[in-house]
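Asker:
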Amino acid sequence: MVKHMRSRNRRRLMAEINVVPYIDVMLVLLVIFMVTAPLITTGIKVNLPQEKAGGIASPTTESVVITVDQFGDYYIDVGKEKNQPASEQILFERVRTVLEYRPETPILVRADNRVDYGRVVRAMVIAQAAGAPEVGLITVPPERAEP
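Each residue of the sequence shown is one higher than the one before, counting from 1 in full-length UniProt numbering.
#1: Would Ile76 and Val68 qualify as a contact pair, given that the criterion is a beta-carbon distance under 8 Å?
#2: Quick check on the DSSP output: what are the complete alpha helix (DSSP H) runs of length 4 or more inside the segment 63 to 133, in order along the chain?
#3: Could you give the DSSP three-state label for residue 150: helix, strand or coil?
#4: Hey, quick one: how far does the beta strand (DSSP E) through Val135 stretch, first residue to last?
#5: Any idea if Val120 is buried or exposed, counting beta-carbon neighbours within 10 angstroms, 16 or more meaning buried?
#6: Applying the criterion that 16 or more other CB atoms from any shown protein chain within 10 Å of the CB defines a buried residue, is Pro38 buried or exposed?
#7: Is it buried or exposed, Met14, if we count other Cβ atoms within 10 angstroms and call 16 or more buried?
#8: For Pro106, count neighbouring C-beta atoms within 10 Å of its own C-beta (all shown protein chains included) and say buried if the count is 16 or more, exposed if not.
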């Protein structure tokens with residue numbers, strides 16, 4: 001009987017979970033998402049002007065981007081139809097709605113370099129009429145420009 005009791009004491013069950021494989025999987029997933037996140041860009045294809053402009057400070061809040069494509073159509077990255085052309089009225093209403101809830105939201109305009117300058121100015125005027133105190137333009141530095 002004594003021998004039987006000893007063997008029970010030596011062989012105890014391990015109630016611990018080995019978390020090392022889970023950490024490895026999480027690190028692999030983190031690397032995959034870090035690599036693929038910059039590659040996933042949705043939206044309207046535009047050729048941005050290549051200019052050396054003074055950079056703006058990174059905003060602490062998410063910005064609203066108004067896009068003007070090569071045909072002069074407006075797009076705004078707010079709302080359900082992000083990839084659908086928006087009229088000037090829809091553009092005005094969406095910018096106004098965002099600024100009502102978050103007045104500090106930066107409004108940025110990105111326009112194709114082949115679009116009429118008047119369409120870009122019109123987008124800026126609509127944003128200012130909706131309550132934006134400042135409207136920024138998005139350009140691409142010459143060294144990062146796509147061919």
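Glycine included, each C-beta is placed from N, C-alpha and C at the ideal position. All values derive from a computational prediction rather than experimental measurement.
Answerer: Reading off the structure:
#1: no
#2: 88 to 101 and 117 to 129
#3: Absent from the structure is residue 150, since the part of the chain shown begins at 1 and ends at 147.
#4: That run of the beta strand (DSSP E) goes Val135 to Leu137.
#5: buried
#6: exposed
#7: exposed
#8: buried
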